[in-house]
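In this text, residue positions in the sequence shown follow numbering that gives the first Met the number 0: the first is 0, and each later residue adds one.
Have a look at the structure below, then the notes.
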Amino acid sequence: MWDERHLRLGIEAAGIALWSWNVDSDRLTMDEIGYELWVLPKGDGVTFEALSANIHPADRDRVRAAFSATRGIVGPYEIDFRIMVKDEVRWISARGRGDDEGIEGRVMYGVFLDVTGRKQAEEAN
Numbered sequence: 000m001w002d003e004r005h006l007r008l009g010i011e012a013a014g015i016a017l018w019s020w021n022v023d024s025d026r027l028t029m030d031e032i033g034y035e036l037w038v039l040p041k042g043d044g045v046t047f048e049a050l051s052a053n054i055h056p057a058d059r060d061r062v063r064a065a066f067s068a069t070r071g072i073v074g075p076y077e078i079d080f081r082i083m084v085k086d087e088v089r090w091i092s093a094r095g096r097g098d099d100e101g102i103e104g105r106v107m108y109g110v111f112l113d114v115t116g117r118k119q120a121e122e123a124n
């Protein structure tokens, strides 16, 4: 029915960035769309602390608190926040779920979605 190729095409068409975060090592890895969204060099991952440097200063403490609170929770979460990309502000929706079943470390999986257009439309009204 749905193979990996079809899922990847749908994800790319929607502009969805996939990520995983090893809470214990603080290592966050993303797919290519994620690195492009955050305007980061593609690599083996980045720490959440380094990634949060790009979060808008007015949102940074709230996002850090939300992600820190999820470290001990296995379940869904969602948060919208702004990031700074050069002189541009982008709105990101981060959604995910923790999963520590059957593994050594705690890992969270999720998506980043650029919701800038929607947020700008909401602010205009």
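Note that the Cβ used here is the ideal one computed from N, Cα and C, for glycine as well.
No experiment lies behind these values; they were computed from the predicted model shown.
I need the straight-line Cα distance from residue i to residue j, nearest angstrom please.
i    : j    : result
F80  : R7   : 25 angstroms
I82  : W1   : 33 angstroms
W90  : D113 : 6 angstroms
R117 : N124 : 11 angstroms
G14  : R94  : 14 angstroms
Y76  : Y108 : 10 angstroms
A64  : R96  : 16 angstroms
A57  : E35  : 23 angstroms
R105 : S51  : 19 angstroms
Quick one: using the 10 Å Cβ neighbour count with 16 as the cut-off for buried, is residue i buried or exposed?
i    : result
D23  : exposed
W120 : Trp is not the amino acid found at residue 120; the sequence shown has Ala there. Answer is exposed; the Cβ neighbour count stays below 16.
V88  : exposed
D60  : exposed
G9   : exposed
G42  : exposed
Check for me: the beta strand (DSSP E) holding residue i runs from which residue to which?
i    : result
G109 : 106-113
S19  : 15-21
I82  : 75-84
I need the DSSP call for residue i, collapsed to helix, strand or coil.
i   : result
W1  : coil
A93 : strand
Identify the continuous alpha helix (DSSP H) that holds residue i and give its terminal residues.
i   : result
L36 : 31-37
A49 : 47-51
Could you check if residue i belongs to the surroundings of the ligand ATP, using beta carbon to heavy atom distance under 7 angstroms?
i   : result
L36 : Although the ligand ATP was asked about, the structure shown includes no ligands whatsoever.
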